[in-house]
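Scroll down for the structure; my scribbles are underneath it.
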């Protein structure tokens, strides 16, 4: 049986607003694992303490070898690179301790190389362009790429950089991103049941 989908949500400055708006509109039984990779790594964000108020899914701060499970929200800890190994997470010392970090790019590339299930990559509000360089790699392996509509983002730099990659399938508000994740997850489940794979779920048009 195929692995369940992973949704990576990458953000930074202004990302909390996007995470809340997105999670408030996601049901608890989509069958996907939500991994929030926050680009601000040098300070604690307490996202794992704040976000449970806005979702009925369990919210976990990622620890070494924590198993990846569907219908849960996982948060990257401060000052760590995040990877996937087998069925769990692997944490490493941050590879870019100075300047703008690239923790979103690192995790997306690890997903592209090591996760056999479906992938949905989402870039929301933030400074810099972390994640943009990996969007084409996600798309090349059949993943689906989404970016927050810049006009709805507190800091539009990060989604604008992702959009400039030319590898974004849809540009949406956080509420619309949540609805699209639900739609994609439902279609993936139907396609897996019928043996059709991801092809049907990837029939997207840029908006």
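Numbering (the numbering used here), first residue to last: 19 to 225.
Beta carbons are placed, not taken as given, at the ideal position from N, Cα and C, and that holds for glycine.
Let's test the definition: count the other Cβ atoms within 10 Å of the Cβ of residue i and tell me whether it reaches 16, buried, or not, exposed.
| i | result |
| --- | --- |
| residue 133 | buried |
| residue 71 | exposed |
| residue 185 | buried |
| residue 81 | exposed |
| residue 122 | buried |
| residue 120 | buried |
| residue 85 | exposed |
| residue 104 | exposed |
| residue 211 | exposed |
| residue 26 | buried |
| residue 173 | buried |
| residue 47 | exposed |
Run through DSSP, which three-state label would residue i get?
| i | result |
| --- | --- |
| residue 123 | helix |
| residue 58 | coil |
| residue 189 | strand |
| residue 78 | strand |
| residue 159 | coil |
| residue 164 | strand |
| residue 46 | coil |
| residue 110 | strand |
| residue 92 | strand |
| residue 84 | coil |
| residue 99 | strand |
| residue 221 | Low confidence applies here, because residue 221 scores a pLDDT of 48, under 50, leaving its location unreliable and the question unanswered by this model. |
| residue 19 | Unreliable placement is indicated for residue 19, whose pLDDT of 40 sits below 50; the coordinate value is still reported in the next sentence. Reduced to three states, the DSSP call for residue 19 is coil. |
| residue 142 | coil |
| residue 171 | coil |
| residue 51 | strand |
Check whether the Cβ atoms of residue i and residue j lie closer than 8 Å to each other.
| i | j | result |
| --- | --- | --- |
| residue 200 | residue 164 | no |
| residue 29 | residue 142 | yes |
| residue 154 | residue 179 | no |
| residue 93 | residue 54 | yes |
| residue 23 | residue 106 | no |
| residue 198 | residue 190 | yes |
| residue 171 | residue 44 | no |
| residue 31 | residue 166 | no |
| residue 95 | residue 69 | no |
Whole-angstrom Cβ separation of residue i and residue j, contact assumed at under 8 Å?
| i | j | result |
| --- | --- | --- |
| residue 98 | residue 110 | 7 Å |
| residue 193 | residue 39 | 6 Å |
| residue 57 | residue 148 | 5 Å |
| residue 66 | residue 77 | 5 Å |
| residue 73 | residue 41 | 4 Å |
| residue 130 | residue 156 | 6 Å |
| residue 118 | residue 146 | 4 Å |
| residue 159 | residue 202 | Not really, about 15 Å apart at Cβ, beyond 8 Å. |
Compute the minimum distance between the beta carbon of residue i and the heavy atoms of the ligand PLP, and state whether it is under 7 Å.
| i | result |
| --- | --- |
| residue 37 | The model depicted lacks the ligand PLP and carries no ligand whatsoever. |
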